[in-house]
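J.: One structure, as structure tokens, below. Some questions next.
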Amino acid sequence: MTDAVPPTGTGPLARREARLAWGLLFPTLAAVSLVVILPLLAVFWISFKPVGLADLRPPAPVVREDIRGDLAAPGDEATLRYRLRNSSQDQPILGVTLSDAWPEGLEAGELDPRCTIADGRLSCAFGDWEGGAREQLRIPVTATEAYFAGPGATDSDPVMGGEARNILTSFDFTLENFAQIFDGGEFWSVLGVTLFYTVFGTLGALIMGLFAAMLLNKSFKGQGILRGLYLFPYVAPVIAVAFAWILLFDPFSGSANALLIQMGVSEGAINFFGERPLALLMVTLFEIWRYFPLSFLFILARMQSIDHDMYEAADMDGASPFQKFWYLSLPQLLGILSVLFLLRFIWTFNKFDDIFLLTGGNAGTRVLTVNVYEQAFALSNIGAGAAVAVVIFCCLLLFSLFFFKVMSREEGL
Amino acid sequence: MKTLRYGSVTAPVLGALWCFVIAVTLAVAMSFATGAPFRPALLWSLLWGAGIGFGALFGAVTLWGAALGVFVLGVLGIGPMASGDGTGVVALALGHGAVALFTALGARKILEECRIGALTRHEFEEAVIRFLTGFGYIFFTAIVLIPFYVMVMTSLKNQAQLMANPLDFSIDLTQGLSLFRSYGELMTEYSFGSYLWTSFYVSVLTVLITLAFAIPGAYAVARLRFRGQALFARSILLIYMVPMIVLALPIYIAFSMTGLRNTIFGIVIIYPVTTIPVALYMLQGYFRGLPAEIEEAGLMDGLSRLKVIWQITLPLSLPALASVSLYVFMIAWNEFLLAFMLLDDPSKFTLTRGIASLNSSEVPRQHLMAGAVIATVPIMVLFLGLERFMTKGLTAGSVKG
């Protein structure tokens, strides 16, 4: 009799379970890789390419066909005209061809030497086209009896062919995009603004959240209403609240300015979102205002799970309220605070909508994410935009590494 | 610090600060309500506040006497809050009365344990905390409410009224229904009705698609054992940290090339992908918390895994499904960046994209704010109605801004 040994390897049941797991995960994996991994790779690819907004449509030959003259009866003469051009002003197209169905019973006069008519088709080969090239092809035609039985001369659409170099799929690489964005002081000022916005936006939202959580960490009538109210800034659509802020702080008809002048705080109207360095301060304040509810919610949830006995013991020992906060509550909250700080730090770093809506990145508020948009769409340089995106992604990877180090220690979330 | 801990010092200091807070609050509130020029008077408010605080130490009679005095001083024009010429008598009486009343009420509450002599550290800090609490409630309520108040009121006033006095948010109720002219024009001329509908069904579809993907995925991560499970659970959150603007660029390119740009279909396939990771993360956390024994009992009774999910796990996780759905709905409803980049055709706008198109010098500000209100109200109503789910959902370990 052999000794009984525990089974090694994976049994059929375990394998079936793993198969099911992968089956259940497959849709998510497919969708995420299609819309996250693939675009990320694309961003890396594009960042090394000299691509502008106009290059998104690769150059193609364009043709328009019309007929001059009337083909009403047998024997009528007319001119069939093809107007051709290169859709791109600067990119060449190689081996341009034209092909169109040639109606039966239509007799062509003098034919361009580059074209032939055979088997009921007109085919032409134009060779290579420079950017902005235009051509006109005129074919004098005479209608015969048979022509009127079949389709007309312009009934079929001509088909163009030709090889254009598509910059997106070619293997031309350049470091110009990166050279361009790192060139000059602009990048470093953008990075500085981003760090200011991120650090102070995150810290401010945390401190405000902590304060709000302490206010509501007791049960009284109306606590639920206040809690709901304090979440408003976070729940409302960013576009609505951003425009409300712009209106509130408008230099000409804004209530904030009118209020400050009336109270004698300021002499004249202040352009809150249009002046350096005030604009940066304002967008940071907006960030704090909009996201304190989030920290507030998490901190409140943690506060309510702190064991109450501890405070009773402290009371017995004669601890004062501030001492209780400093020596008891704060250490208990440190875990959630650090996790929140890291999460919010990353998300604030990634934030685009808020600044884009408030200032459009003007007046010294251009952060990295707004710079992506600015480069790609305002300056029509997709390659440079992608290069900035790559820089953002690299920063992010650094943060995430750090984040997971802390996360695994805290397990707060 | 030690000298501060005497009732005769603590009380006037806190009283003065409190009176100033109240004066500022009421000056802003009265200005917004009546349009009349009210402003806090720094020196007077500190001085009279100190008086009320000191009075509070000697019991109710002195306190209310002091409050009455402050009210009279206010009407005479040297109170904590100053009012300009031409303010109505009612507003005047109401404003100064409110300042005196709230200062006194607050002072009584803040200083209820204080005496003239030395205070214990405990009593002193309690008083300071009560002051900070009062200040906190006013401060947070004000910063949250003012932008929304301005939003709603601006949508009801025309450009000329706004320019004439930007502080006057009083509403002329005699206009009747023409108050809501802006909303009517948005619905008829700017086809906001169709934007509302588009936003609504895009959001609902996003929720449905997200759940269809996230539920099986979350179950697999939470319950089934397979190689790479731990790594997988972690990388979900990592994916959620990729900034949208980085992805938006290639998505824009791909959509331009495939003709998906400017289609609702394109939006509906892209929105769920942005929400699937967070939904999966929230749900797997909840699934882990469910007792596995119930599911095992189901398996023993001959149900297949999929049937277990359908008949046991899902009915048990209805609250979690509700909060995830709400959260996803909110993300889709508020989404701006992708809609802004991918939609150009006004007939296909979502609500947020529609509001962005109102931001031009040709459209009056009133319309812009009316659009903002239209976008905000449904999500607020939904949120307040289901606040419990929402709060739970947000704290369930999720959440992005």
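Going down the list, the protein sequences come from chains A and B.
Sequence positions in the first sequence follow my numbering and run 140 to 552.
Sequence positions in the second sequence follow my numbering and run 140 to 540.
Positions of the beta carbon are idealized from the N, C-alpha and C atoms, including for glycine.
Since this is a predicted model, take the numbers as computed values, not measurements.
#1: Could you tell me how far apart the beta carbons of residue 160 of chain B and residue 369 of chain A are, in whole angstroms, since I believe they sit closer than 8 Å?
#2: In the DSSP assignment, the alpha helix (DSSP H) including residue 158 of chain B goes from what residue to what residue?
#3: Distance check for residue 372 of chain B and residue 320 of chain B, CA to CA, integer angstroms please.
#4: With contact counted as at least three CB pairs below 8 Å, one residue from each stretch, are the segment 176-187 of chain A and the segment 384-399 of chain B in contact?
#5: Between the segment 441-473 of chain B and chain A, which residues of the former have a C-beta closer than 8 Å to a C-beta of the latter?
#6: Whose Cβ in chain A lies nearer than 7 Å to the Cβ of residue 265 of chain B?
#7: Taking only three categories from DSSP, how would you classify residue 205 of chain A?
#8: Rounded to whole angstroms, what is the Cα-Cα separation between residue 554 of chain A and residue 199 of chain A?
#9: Any residues in the segment 200-220 of chain A with a beta carbon nearer than 9 Å to a beta carbon of chain B? Which ones, in chain order?
#10: Any beta carbon of chain B sitting closer than 8 Å to that of residue 539 of chain A?
#11: Would a check of beta-carbon distances place residue 498 of chain A closer than 8 Å to chain B?
#12: Tell whether a beta-carbon distance below 8 Å holds between residue 268 of chain B and residue 460 of chain A.
#13: Can you look up residue 538 of chain B in the DSSP assignment and give me helix, strand or coil?
#14: So which residues on chain A does residue 275 of chain B lean against when the C-beta distance must stay under 9 Å?
#15: Between the beta-carbon of residue 441 of chain A and the beta-carbon of residue 475 of chain A, is there less than 8 Å?
#16: Measure the Cβ-Cβ separation of residue 548 of chain B and residue 175 of chain B and say whether it is below 8 Å.
#17: What's the C-alpha gap between residue 352 of chain B and residue 166 of chain A?
#18: Which of the three DSSP states is assigned to residue 299 of chain A in this structure?
#19: Tell me the DSSP secondary structure of residue 499 of chain A in three-state form.
#20: Consider the Cβ of residue 539 of chain B: report whether some Cβ of chain A lies at a distance smaller than 8 Å.
#21: Report yes or no: do the segment 484-500 of chain B and the segment 511-523 of chain B share at least 3 C-beta pairs separated by less than 8 Å?
#22: How would you list, in chain order, the residues of chain B whose beta-carbon sits under 9 Å from the beta-carbon of residue 247 of chain A?
#23: Are the Cβ atoms of residue 181 of chain A and residue 305 of chain B separated by less than 8 Å?
#24: Can you check the segment 462-529 of chain B for any alpha helix (DSSP H) of at least 4 residues that lies completely inside it and give the ranges in chain order?
#25: For residue 216 of chain A, which three-state DSSP category applies?
#26: Can you check the segment 296-349 of chain B for any beta strand (DSSP E) of at least 3 residues that lies completely inside it and give the ranges in chain order?
#27: What whole-angstrom Cβ distance do residue 177 of chain B and residue 184 of chain B have, given they're in contact under 8 Å?
#28: Please state whether DSSP places residue 190 of chain B in a helix, a strand or coil.
#29: Could you give the residue range of the beta strand (DSSP E) that holds residue 238 of chain A?
#30: Per DSSP, which residues does residue 554 of chain A bridge with? Please list them.
#31: Can you grab the Cα-Cα spacing for the pair residue 226 of chain B / residue 409 of chain A, in whole Å?
#32: Less than 7 Å between C-beta atoms, sequence neighbours within five positions excluded: which residues of the same chain meet that for residue 415 of chain B?
#33: With 16 as the cutoff for other CB atoms within 10 Å, does residue 527 of chain B come out buried or exposed?
#34: Kindly indicate which three-state DSSP category residue 199 of chain A falls into: helix, strand or coil?
#35: State the DSSP-derived secondary structure class of residue 252 of chain B, mapped to helix, strand or coil.
#36: In the structure shown, what three-state DSSP assignment does residue 280 of chain A receive?
T.: With the structure as the only source:
#1: Contact flag wrong, Cβ pair sits at about 19 Å.
#2: It spans 146-173 - the alpha helix (DSSP H) in which residue 158 of chain B sits, taken as one unbroken run.
#3: Using only the alpha carbons, I get a separation of about 52 Å.
#4: Taking 8 Å as the limit for Cβ pairs, the verdict is that the segment 384-399 of chain B does touch the segment 176-187 of chain A.
#5: Flagged, chain order: 444, 469, 472, 473.
#6: Contact annotation for residue 265 of chain B against chain A: 460 [CB-CB distance below 7 Å, chain order].
#7: Correct three-state label for residue 205 of chain A: strand.
#8: Any answer about residue 554 of chain A is impossible in this case: the structure gives chain A only from 140 up to 552.
#9: So nothing in the stretch comes that close.
#10: Residue contact with chain B for residue 539 of chain A: present (Cβ-Cβ distance below 8 Å to some residue of chain B).
#11: Residue-level contact check: residue 498 of chain A does not touch chain B, since none of the beta carbons of chain B fall below 8 Å from its beta carbon.
#12: In this structure, residue 460 of chain A lies closer than 8 Å to residue 268 of chain B by Cβ.
#13: Note that residue 538 of chain B has pLDDT 42, beneath the 50 cutoff, so the model's placement of it is unreliable and the number below is only indicative. Residue 538 of chain B falls in the coil class under three-state DSSP.
#14: Listed by position along chain A, the residues whose Cβ is nearer than 9 Å to that of residue 275 of chain B are 350, 351, 353, 354.
#15: Their beta carbons are under 8 Å apart, which means residue 441 of chain A touches residue 475 of chain A by this criterion.
#16: Not covered by the structure: residue 548 of chain B. The range shown for chain B is 140 to 540.
#17: Distance between the alpha carbons of residue 352 of chain B and residue 166 of chain A: 6 Å.
#18: It is a strand residue.
#19: Coil at residue 499 of chain A, not helix or strand.
#20: For residue 539 of chain B, the pLDDT reaches just 40, beneath the cut-off of 50, and the residue's location in the model is therefore unreliable, although a value from the coordinates is still provided. True, the Cβ-Cβ gap to chain A drops below 8 Å.
#21: Yes, the segment 484-500 of chain B is in contact with the segment 511-523 of chain B.
#22: Residues of chain B passing the Cβ test: none, with the nearest at roughly 37 Å.
#23: Not a contact, by the Cβ cut-off of 8 Å.
#24: Entirely contained in the segment 462-529 of chain B, the alpha helix (DSSP H) runs reaching 4 residues are, in chain order, 476-481, 490-497, 504-524.
#25: Strand at residue 216 of chain A.
#26: Qualifying beta strand (DSSP E) stretches: none in this window.
#27: Rounded, the Cβ-Cβ distance is 12 Å, inconsistent with contact.
#28: Helix at residue 190 of chain B.
#29: Where residue 238 of chain A is concerned, the enclosing beta strand (DSSP E) starts and stops at 232-240.
#30: No statement about residue 554 of chain A is possible, as the shown extent of chain A runs from 140 to 552 and does not include it.
#31: For residue 226 of chain B and residue 409 of chain A, the distance between alpha carbons rounds to 27 Å.
#32: Cβ-Cβ distances below 7 Å link residue 415 of chain B to 349, 352, 353 in the same chain, with the five nearest sequence neighbours on each side left out; the list follows chain order.
#33: So residue 527 of chain B ends up on the exposed side.
#34: Secondary structure of residue 199 of chain A (DSSP, three-state): coil.
#35: In this structure, residue 252 of chain B counts as coil in the three-state DSSP scheme.
#36: DSSP places residue 280 of chain A in strand when its eight states are reduced to three.
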